[in-house]
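Working notes for the structure below.
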Amino acid sequence: MPITHAYTPGLTVSESVTLRKLRRLPLPGKVHVAQGQAVAAADIVASSELPGNVATVNVAHDLNVSPEEMPRCMAKAEGDPVQVGDVIAEYKALWGIFHSLSQSPVDGIVENISNVTGQVLIRGKPLPVEVTGYVKGTVVEVLGDEGVVVECQGALLQGIIGIGGEAHGRLKLLAATPDQILEPEHITDECQGKIVVGGSLVTYAALQRACEVGVTGVIVGGIRGDDLDRFLGEPLGVAITGQEDMGITLIITEGFGQIVMAQRFFELLLSHDGQAASINGATQIRAGVIRPEVIIPHTGAEAVLPPPAVSALAVGSCVRLVRDPYFGLMGTVTDLPEQLQIIETEAQVRVARIKLEDGREITVPRANIELIQQ
Amino acid sequence: MNSTDIEVILATDCGSTTTKAILIEKTSGEYRLRTRGEAPTTVEAPYEDVTVGVRNAIIEVEELSGRRLLDSNGQIIRPAGEDEGTDLYLSTSSAGGGLQVMVVGLVRRMTAESAQRAALGAGAIVMDVLALDDGRLPHQRIQRMRELRPDMILISGGVDGGEQRRVVEMVELVAAANPRARLGGEFKLPIIYGGNVDARPQIQQLLAERSALTMVDNLRPTLEREELGPARAMIQEEFLHHVMSQAPGYGELMNWTDADIMPTPAAVGNIIQDIAREENINIIGVDIGGATTDVFSIFGGVFNRTVSANLGMSYSISNVIVEAGLDNVVRWIGEEIEQTQLAERIRNKMIRPTTIPQWLEGLRIEQAVAREALRLAFEQHKMLATGLKGIQQERDIASAFAQVQAGEETLVDMMALDLVVGSGGILSHAPRRVQAAMMLIDAFQPEGLTRLAVDSIFMMPQLGVLAQVHPEAARQVFLRDCLIRLGTCLAPVGPGRVGSPCVELTFSDTGETMSVPTGQLRLVEIGEDQTRKVIINPSRYYDVGGGRGRSVTASIDGGVVGLIIDTRGRPLQLPPLPSERQQLLRSWEEAVGLYPRR
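Okay, here's the thing in structure tokens:
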């Protein structure tokens, strides 16, 4: 059976790329910037108003009348504005001896009056929605009244899984080496508003401390699954994230457990220590995979386009092993046998021979190696 | 073209990640699978054109078969000649997450459940079920509808001639939410109304302007009757003309195919129904994927399908642990394993879903998770595959004491089950076929005699759509090339102590007899094309299909595994003490040769 891509293409860790970020509103609204304009990460580039929430009022029930009778009791018509406590319908009989009212529970506009169900729907005030630039860059395209495209030059680093959405701040390295564990005592008040970088692991206590201090984001090699569940308040079952409202964005570069951050990833962050960065923890590991990202805008090197998503695995390629029993180790491909080979599980798979950094030479399924994008 | 003149058939299935193409050719009067090819699906950026992936998959078929299928313009060559072209081209699709439907009904276990069955049977994923008794407040229902971006909405509610107020009330909420379609910003969301026909004018007034509204016959015209056919047909029509036509490249693909593109699960349901009808048998089919698990069943001619949206072997593997509990996974592993480390490994599989186990321990873990994913998906299926609820039934004293409401009983009868067909990588690509058989047995726990099979390369979708056009070709390929017959499971049902007599078998051809005590697994090799006549004598407390203690004479079909005699009891109970349980599991593993010896 043909196997098209028997290895994971790997995540991008690149010093210099040109990136385009689509900044689109959920509904058409107003664009506040023009083509060619420079924008900062926090700048609002477009805004709109979402239709307000709808409140239902069972007026027929409130007035103790049948739905058919209800329209003649209405004090407000469809389209009328109302405020909390406003009388929307009133019933009087026998010169006012029998008297009942129905009042609006919200500020808004009467949207629908039904003489079938006796219900009145009141649409609350519109909800404002704003879209920021997210990255420091230039507006290269205006999409009518729906948003813009911001182009940015800088470093791009993709993590493996993240928590929380878009955020920006200055990078602050708290680990001297990529194998260091990020503990609460490393996080001082100086970290407020910063994106802190740890090494192989962040503990639950350190995450709590980061939230207390007001850290914007944490970038680290690994996290224990139990710690993440505890931090989130519920177990993470499906790797679709980004909507969490934890007040902090977390980017895991390697995986679950204590895993040394890839040297290249760490060195790149080290070289930009103190610089402004944009991060997004949104992850979607399904078709059309989305990985969390760190973007460090700079114009220090000549910008090149992002490397293609899939580049070829070859002898000499630098790879990381992403499955036990060698999880987290790095090495170089020494051979890529054409023929399928039988592994311990008795499965017939394509394999690769890898020389590990410690000098050992091993054979692993190609599916279990990740190409390190250079 | 007359169906007998069709010599070559090309069919594709555009999945979320992979587009799979199969080539069928008629040789010596028989339709057989010639070859298959696959390529990544190209619905999303940067390609945003499904036909790119389809062409790539077809090119792979061309290379493997030597038959030229695409002309210089990338168009499919038709009709078939000596070395080029095809007479028929068909396709199914679940790309972009499949057909996603939101269901609205009145009573969750009645009209809403009928609508849910209709949507699932049409091949949809049900995103949510809104009903008057769903425990949500009206504004919460509206909020939910606005958050979801379904491909379409199916509304049911009320019996014909009954009260209209409640169904109109629910539709008012739908109108207030004004939900938007997932694909195509400007196009109107298809809404299908299959409720009380008397309320149609009000529904029309509320929804006609803001949606693409269609009306079908009431799904529950009376409490005692369920009519799912018209709604299912309309869902598939809307899928094709409203949803598919908005998806990138599908407009062109629709022009290529000789029959309507079908949602992948609907096609699988089709082929399973056809086989059940033709062979007059009860079937359970399961497809365990990376993100979801689909279960299909046909009992007494009634078809049901469920999708367990977050039970799968890669993207959703961590959720299996969340739903089943780690202890339930560990109970299937016949060796000591540290639980925290196990949970970490499973989480790492979730974030790197394409990795495969390299060591035996890793394989055992994945197969243990698969047992739980299959078990949970099957539990969910049994809850939906029921009779109609809310109808009046005459009840005797026994059923009154049984505390079972009318319609609560599942239609799934394990003793009446004839065939289980498994599909999905963990089953189809298990290194030893007996591993697939044991995963199916442990998860579903069939009773009496049940045949087991796996879909060799998951071509049921393509055969399902082919069955619409050329049933005979579909049937021939399904039986000869699609199914890998694993064999038969014999599982006596009854109480008994471990070691006490359970069942005795006499093979008519050789006169050989064997008795198997309670609490064991045994494997008898019966080849793929072999059938052996056996007299099965259960002990007085056990039932193998004929009643307690009654012997049964059966022709047992063989397979690549053979006959598995399972006297471990139903429901299968495992010792709570880990060391005792692991020892027992290892003895069962050895008895059937489940894993290589250390």
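Going line by line, the protein sequences match chains A and B.
Number 387 marks the last residue of the first sequence (the numbering used here); no jumps.
Number 1493 marks the last residue of the second sequence (the numbering used here); no jumps.
The beta carbon of each residue, even a glycine, is placed where N, CA and C say it ideally should be.
Exercise. Between the Cα of B:Pro1471 and the Cα atoms of B:Asp1222, B:Gly1320, B:Thr987, which residue gives the shortest distance?
Worked result: In the second sequence, counting from the first residue as 1, residue 1471 of chain B sits at position 576. If we check each option's Cα against that of B:Pro1471, B:Asp1222 comes out closest.
Problem set entry | Contacts around B:Arg1270, its chain only, beta-carbon distance under 6 Å, and the 5 residues preceding and following it disregarded | In the second sequence, residue 1270 of chain B corresponds to position 375, counting from 1. Within the same chain, B:Arg1270 has close Cβ partners Ala1338.
For this session: Say whether chain A places a C-beta atom closer than 9 Å to the C-beta of B:Glu1239.
Result: Position 344 of the second sequence, counting from 1, holds the residue named residue 1239 of chain B. Chain A contact via Cβ: present.
Problem set entry | Cβ distance (whole Å) where A:Val335 is taken to contact B:Thr1462 below 8 Å | Within the first sequence, the letter at position 322 stands for residue 335 of chain A. Within the second sequence, the letter at position 567 stands for residue 1462 of chain B. Not confirmed; about 42 Å, so no contact.
Exercise. By how many angstroms is the C-alpha of B:Ala1128 removed from the C-alpha of B:Ala1263?
Worked result: One-based indexing of the second sequence puts residue 1263 of chain B at position 368. One-based indexing of the second sequence puts residue 1128 of chain B at position 233. Their backbone Cα atoms lie some 38 Å apart in a straight line.
For this session: Measure the C-alpha to C-alpha separation of B:Val1054 and B:Val1063 and round it to an integer number of angstroms.
Result: Along the second sequence, read from residue 1 onward, the residue named residue 1054 of chain B stands at position 159. Along the second sequence, read from residue 1 onward, the residue named residue 1063 of chain B stands at position 168. B:Val1054 and B:Val1063: Cα-Cα distance of roughly 13 Å.
Problem set entry | DSSP state of B:Val1329 mapped onto helix, strand, coil | In the second sequence, residue 1329 of chain B corresponds to position 434, counting from 1. B:Val1329: helix per DSSP, three-state reduction.
Exercise. Are B:Leu1049 and B:Ile1087 close, meaning C-beta to C-beta below 9 Å?
Worked result: As a first step, residue 1049 of chain B is located in the second sequence; it is residue number 154 there, counting from the start. As a first step, residue 1087 of chain B is located in the second sequence; it is residue number 192 there, counting from the start. Judged by their CB atoms, B:Leu1049 and B:Ile1087 are nearer to each other than the 9 Å cut-off.
For this session: Following the continuous alpha helix (DSSP H) through A:Arg363, name the residue where it begins and the one where it ends.
Result: For the purposes of this step, residue 363 of chain A is taken as the residue at position 350 of the first sequence. Per DSSP, A:Arg363 lies in no alpha helix (DSSP H) and is assigned neither H nor E.
Exercise. So which residues on chain B does A:Leu134 lean against when the C-beta distance must stay under 9 Å?
Worked result: As a position in the first sequence, residue 134 of chain A is number 121, starting the count at 1. Residues of chain B with a Cβ closer than 9 Å to the Cβ of A:Leu134 are, in chain order, Pro1033, Ile1037, Glu1067, Leu1068, Ala1070, Ala1071.
Problem set entry | The alpha helix (DSSP H) enclosing B:Val999, as first and last residue numbers | Position 104 of the second sequence holds residue 999 of chain B. Element bounds for B:Val999: not the alpha helix (DSSP H) but the beta strand (DSSP E), 994-999.
Exercise. In angstroms, rounded to a whole number, what distance separates the CA positions of B:Gly1016 and A:Ala295?
Worked result: If you number the second sequence from 1, residue 1016 of chain B lands on position 121. If you number the first sequence from 1, residue 295 of chain A lands on position 282. Approximately 33 Å between the Cα atoms of the pair.
Exercise. Less than 9 Å separating the beta-carbons of B:Phe1082 and B:Val1181?
Worked result: Here residue 1082 of chain B is taken as the residue at index 187 of the second sequence, counted from 1. Here residue 1181 of chain B is taken as the residue at index 286 of the second sequence, counted from 1. Between B:Phe1082 and B:Val1181, the C-beta spacing is not below 9 Å.
Exercise. On the three-state DSSP scale, how would you describe A:His112?
Worked result: In the first sequence, residue 112 of chain A corresponds to position 99, counting from 1. If DSSP states are grouped into helix, strand and coil, A:His112 belongs with the strands.
Problem set entry | Residue of B:Arg950, B:Thr987, B:Ala990 minimising C-alpha distance to B:Ile971 | Residue mapping note: residue 971 of chain B aligns to position 76 of the second sequence, counting from 1. Nearest neighbour of B:Ile971 by Cα position, chosen from B:Arg950, B:Thr987, B:Ala990, turns out to be B:Arg950.
Problem set entry | Straight-line Cα distance separating B:Leu1418 from B:Leu1480 | Walking along the second sequence from the start, residue 1480 of chain B turns up at place 585. Walking along the second sequence from the start, residue 1418 of chain B turns up at place 523. Those two C-alpha atoms are separated by around 15 Å.
Exercise. Would you call A:Ser291 buried or exposed, if buried means 16 or more other Cβ atoms sit within 10 Å of its Cβ?
Worked result: Counting from 1 along the first sequence, the entry for residue 291 of chain A is found at position 278. Counting Cβ neighbours within 10 Å, A:Ser291 comes out buried, since at least 16 surround it.
Exercise. So what does DSSP say about A:Pro197, is it helix, strand or coil?
Worked result: Mapped onto the first sequence, residue 197 of chain A falls at position 184. Helix.
For this session: Could you please give the first and the last residue of the uninterrupted beta strand (DSSP E) stretch that includes B:Lys855?
Result: For chain B, the structure presents residues 896 to 1493; residue 855 of chain B sits outside this window and is missing.
Exercise. Is the CB-CB distance between A:Cys204 and A:Lys34 below 9 Å?
Worked result: As a first step, residue 204 of chain A must be located in the first sequence, where it is residue number 191. As a first step, residue 34 of chain A must be located in the first sequence, where it is residue number 21. Cβ distance not < 9 Å, so A:Cys204 and A:Lys34 don't count as in contact.
Problem set entry | N- and C-terminal bounds of the beta strand (DSSP E) containing B:Asp1023 | Along the second sequence, read from residue 1 onward, the residue named residue 1023 of chain B stands at position 128. Under the DSSP assignment, B:Asp1023 falls in the beta strand (DSSP E) whose first and last residues are 1019-1025.
For this session: Flag this pair as yes or no: are the beta carbons of B:Leu1148 and B:Val945 separated by less than 9 Å?
Result: Mapped onto the second sequence, residue 1148 of chain B falls at position 253. Mapped onto the second sequence, residue 945 of chain B falls at position 50. B:Leu1148 places its beta carbon less than 9 Å from that of B:Val945.
Exercise. First and last residue of the alpha helix (DSSP H) that includes B:Glu957?
Worked result: Numbered from its first residue, the second sequence carries residue 957 of chain B at position 62. Where B:Glu957 is concerned, the enclosing alpha helix (DSSP H) stretches over 945-960.
For this session: With a threshold of 16 other CB atoms inside 10 Å of the CB of A:Thr347, please say whether the residue is buried or exposed.
Result: Residue mapping note: residue 347 of chain A aligns to position 334 of the first sequence, counting from 1. Exposed, because fewer than 16 other Cβ atoms sit within 10 Å of the Cβ of A:Thr347.
Exercise. Ordered along the chain, which non-local residues of its own chain (more than five positions away) have a Cβ less than 6 Å from that of A:Gly182?
Worked result: Counting from one through the first sequence, the residue named residue 182 of chain A turns up at place 169. Excluding positions up to five away in sequence, the list reads Gly206, Lys207, Ile208, Thr229.
Exercise. By the 10 Å Cβ neighbour count, where 16 or more other Cβ atoms means buried, how is B:Thr987 classified, buried or exposed?
Worked result: Along the second sequence, read from residue 1 onward, the residue named residue 987 of chain B stands at position 92. B:Thr987 is buried by the Cβ-count criterion.
Exercise. In chain order, which alpha helix (DSSP H) runs of at least 4 residues are fully inside the segment 1402-1483 of chain B?
Worked result: The alpha helix (DSSP H) runs lying completely inside the segment 1402-1483 of chain B and spanning 4 residues or more number zero.
Exercise. Grouping DSSP H, G and I as helix and E and B as strand, with all else coil, what is B:Met1047?
Worked result: Mapped onto the second sequence, residue 1047 of chain B falls at position 152. In this structure, B:Met1047 counts as strand in the three-state DSSP scheme.
Problem set entry | A:Ala180 - partner residues in DSSP beta bridges | Position 167 of the first sequence, counted from the first residue, corresponds to residue 180 of chain A. Paired residues: A:Ile292.
Exercise. Is the distance from the Cβ of B:Gly993 to the Cβ of B:Gly1052 below 9 Å?
Worked result: In the second sequence, residue 993 of chain B corresponds to position 98, counting from 1. In the second sequence, residue 1052 of chain B corresponds to position 157, counting from 1. Against a cut-off of 9 Å, the Cβ pair of B:Gly1052 and B:Gly993 comes out as no contact.
Problem set entry | Beta-ladder partner(s) of B:Glu1256, from DSSP | What you label residue 1256 of chain B is simply residue 361 of the second sequence in a count that begins at 1. Paired residue(s): none; B:Glu1256 is not in a bridge.
Exercise. Exposed or buried, what is B:Ala1297 when buried is set at 16 or more other beta-carbons lying within 10 Å of its beta-carbon?
Worked result: For the purposes of this step, residue 1297 of chain B is taken as the residue at position 402 of the second sequence. At B:Ala1297 the pLDDT is 49, less than 50, meaning the model places this residue with poor confidence and gives no usable figure here.
Exercise. Taking buried to mean at least 16 other C-beta atoms within 10 Å of its own C-beta, is B:Gly1390 buried or exposed?
Worked result: Here residue 1390 of chain B is taken as the residue at index 495 of the second sequence, counted from 1. The question names Gly, but residue 1390 of chain B is Pro in the sequence shown. Classification for B:Pro1390: exposed.
Exercise. Which term fits B:Arg1375, buried or exposed, when burial requires 16 or more other beta carbons within 10 angstroms of its beta carbon?
Worked result: Taking the first residue of the second sequence as position 1, residue 1375 of chain B is located at position 480. So B:Arg1375 counts as exposed.
Exercise. Within the 9 Å Cβ cut-off, does B:Ala1295 reach chain A?
Worked result: For this step, residue 1295 of chain B is matched to residue 400 along the second sequence. Summary for B:Ala1295: the model assigns pLDDT 48, below 50, so the residue's position carries little reliability, and this model does not support an answer.
Problem set entry | Beta-carbon proximity list for B:Thr937, same chain, < 7 Å, skipping 5 on both sides | Looking up residue 937 of chain B in the second sequence gives position 42. Asp944, Val945, Val947, Gly948, listed in sequence order.
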